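Asks: Here it is, the structure, as structure tokens.
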Amino acid sequence: MLSILCNTLGYSSNVTKAASYIVPPLSGLSKDDSDDAELESVFHRAVGIANSIYGVCNKLDGVSNEKLRALLGLYVLQCLALLSASISYKNSTCHLMVLELSQISSYCGLTYMSLLTAFDVETAAGFVFGDKDAHMSCLSHVKHGASLSVVWGLVSEEVAHATKESSVAIKDDIHNNQTK
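Take the sequence shown: its letter number 119 is residue 119 in the UniProt record's numbering, and every next letter is one higher.
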């Protein structure tokens, strides 16, 4: 993630493989039955990173902003997938982190309809990485996060409100136009 962030901002660095080292531990932690408090702490930090990237996005403009927002959207979806698989949905901390990540996903321009069709995921990945899929191995849960983002919006009115999406409207749209 760090190497991609540096490349997006135009910095060259010796940390070209950093993304390969940062995201897989999150994935590995989500599979381990470690202490819930430690796991929550890791995800709080991951959400903190998302908020930091969000802050940087607000200071950039032009293509740099667009690329970083696309990358942030992918990161948020990855975090949503890992968080949803790791911490009980009944845990209030999980809900608060999902709410925060959902607000950021809305800022990134991710909509429920395009998440369901994976259009935004493919578009963002293509915009950030080009035709190369080499970096997508670090973000292997993004498509799961896209679907889970919509599910969270359907089961939580607060999450749907944070994303500025209407679960009723999305259900009607899918029901009325099944070709999407």
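We put the beta carbon where it would ideally sit given N, CA and C, even for glycine.
Since the structure is predicted, the reported quantities are computational estimates derived from the model, not experimental observations.
Put Tyr21 into one of helix, strand or coil per three-state DSSP.
Replies: Translated into the one-based positions of the sequence shown, residue 21 becomes position 21. Only weak support exists for where Tyr21 lies, its pLDDT of 46 falling under 50; the value from the coordinates is given anyway. Helix, per DSSP.
Asks: Please list the segments of the alpha helix (DSSP H) lying wholly inside the stretch 75 to 131, counting only runs of 4 or more residues, in order along the chain.
Replies: Listed in chain order, the complete alpha helix (DSSP H) runs (minimum 4 residues) inside the stretch 75 to 131 are 92 to 107, 112 to 116 and 119 to 129.
Asks: Give every residue of the same chain whose Cβ lies closer than 8 Å to the Cβ of Thr8, excluding the five residues on either side of it in the sequence, and list them in chain order.
Replies: For this step, residue 8 is matched to residue 8 along the sequence shown. In this prediction, Thr8 has a pLDDT of 48, which is less than 50 and means its spatial position is unreliable; what the coordinates show is noted afterwards. So the qualifying residues of the chain are Ser64, Lys67, Leu68, Leu71 and Val128.
Asks: Can you list, in chain order, the residues of its chain with a C-beta nearer than 8 Å to that of Ala146? Leave out the 5 residues immediately preceding and following it.
Replies: In the sequence shown, the residue the question calls residue 146 occupies position 146. Only Leu77, Leu110, Leu115, Leu116, Ala118, Asp120 and Val121 meet the Cβ criterion.
Asks: According to DSSP, simplified to helix, strand and coil, what is Asp172?
Replies: Along the sequence shown, one-based indexing puts residue 172 at 172. DSSP places Asp172 in helix when its eight states are reduced to three.
Asks: In terms of alpha-carbon separation, which member of Val168, Leu96 and Ser52 lies closest to Tyr75?
Replies: For this step, residue 75 is matched to residue 75 along the sequence shown. Checking every option, the nearest Cα to that of Tyr75 belongs to Ser52.
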